[in-house]
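Every letter in the sequence shown is one number past the one before it in UniProt numbering, and letter 171, counting from 1, is 171.
Where is the CB? At the ideal position from N, CA and C, for every residue including glycine.
Quick caveat: nothing in here was measured; it's all calculated off a predicted structure.
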Amino acid sequence: MSSQVTPEVLWAQRSSAAEPEKNYVYLTINVPDVPPKNLKLDLKPTGLSFTGTSDSKKTTYHLELEFYSEIDVENSKTNHTGANIQMVLRKKELKEEYWPRLLKNSAKVHWLRTDFDKWVDEDEQNEAPEDDYLNQFGGGGLGEDGGFGGIDFSKLGGGGDDAGLEGLGGVEGEGEGGDEDEDEMPDLEEDKDDGAEGAKGKGKDADAA
């Protein structure tokens, strides 16, 4: 029987008041050895719910997040590898200022860390080079060729979608919880080494057969 744990989550962000494609959140959910047929992901404007099982590790990962502010589901992208779920979530509100934190609740949780490999300070983001990391997500949104073989997250809430991952459907849940929050603006002296681990995707998109 598998045990249930909350996976490590890494995040970083960019912001723009004028360009939607530069106004997003990087999110990495570290869930090694979870095949597409064993995971369920429900992404909504206000949060996400994820459940995935690794048979090799005899572990079930479960995560519910309520975002600080709304995201644009249609223009968000996802990449599934053998090590993690990588997401680029488009912020709904165009705003120059960064979100002060990832989650609505301000309480800190041990499983959420700043992704220092991708983090750029708010006042330095315009000088930062273009991030090649985005290229692996392809040119399409989740309703086209991006994400899980072209699955549209907006349709997942109804449970399943035969255009993509077998068994992928909406996960019931409120997306809220007393322990679901995160580091506020990154603490450079805290968790720097840990935050850098596992931030890089190590694989290619999983087949959606």
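Alpha carbon to alpha carbon, how far is V34 from residue 235? Give it in angstroms, no decimals.
Beyond the ends of the chain as shown, which are 1 and 209, falls residue 235; an answer cannot be given.
Are K95 and E70 closer than 8 Å when you measure CB to CB?
For K95 and E70, no; Cβs fall outside 8 Å.
Are S76 and L43 touching if we call contact CB-CB under 8 Å?
Cβ atoms of S76 and L43: closer than 8 Å.
Exposure label - G178; buried when at least 16 CB within 10 Å
Per-residue confidence for G178 stands at a pLDDT of 41, beneath the threshold of 50, marking its modelled position as unreliable; the derived number appears in the next sentence. With fewer than 16 Cβ atoms within 10 Å of its Cβ, G178 is classed as exposed.
Backbone secondary structure at E124 - three-state DSSP
Helix.
Compare the C-alpha of E97 against each of K40, V9, Q125 and name the closest.
Residue Q125 holds the alpha-carbon nearest to the alpha-carbon of E97 among K40, V9, Q125.
Could you spell out where the beta strand (DSSP E) holding G82 opens and where it closes?
Counting along the chain, G82 sits inside no beta strand (DSSP E), nor does DSSP assign it H or E at all.
So K37 is in the beta strand (DSSP E); what residue range does that whole segment cover?
Counting along the chain, no beta strand (DSSP E) covers K37, and no H or E run does either.
Among D121, P7, S106, whose alpha-carbon lies nearest the alpha-carbon of S54?
Minimum Cα distance to S54 is reached at P7.
Please report the residue range of the beta strand (DSSP E) in which A12 lies.
Going by DSSP, A12 is part of the beta strand (DSSP E) stretching over 8-13.
Compute the Euclidean distance between the alpha carbons of K40 and S16, then round it to the nearest angstrom.
The straight-line gap from Cα to Cα measures roughly 31 Å.
Would you check if the distance between the CB atom of E64 and the CB atom of G47 is smaller than 8 Å?
Using a Cβ distance threshold of 8 Å, E64 and G47 count as a contacting pair.
Tell me the DSSP secondary structure of E74 in three-state form.
Strand at E74.
Report the partner residues of L112 according to the DSSP bridge assignment.
DSSP, once it has assigned bridges, lists V9 as partnering L112.
Coarse secondary structure for E21, derived from DSSP in three states
In the structure shown, E21 sits in a helix (DSSP, three-state: H, G or I).
Mapping the DSSP letters down to three states, classify T59 as helix, strand or coil.
Strand at T59.
For K104, collect the residues of the same chain with a Cβ closer than 6 Å to its Cβ; drop the 5 residues on either side in sequence, then sort them by chain order.
Excluding residues within five positions, the ones whose Cβ falls inside 6 Å are E66, Y68.
Thinking C-beta only, is Q13 closer than 8 Å to V25?
When the beta-carbon positions are compared, V25 and Q13 come within less than 8 Å of each other.
List the DSSP bridge partners of E66.
Among the bridge pairs identified by DSSP, E66 is matched with G47.
Which residue from L27, I85, K22 puts its Cα closest to that of E122?
Restricting attention to L27, I85, K22, the CA atom closest to the CA of E122 is found in K22.
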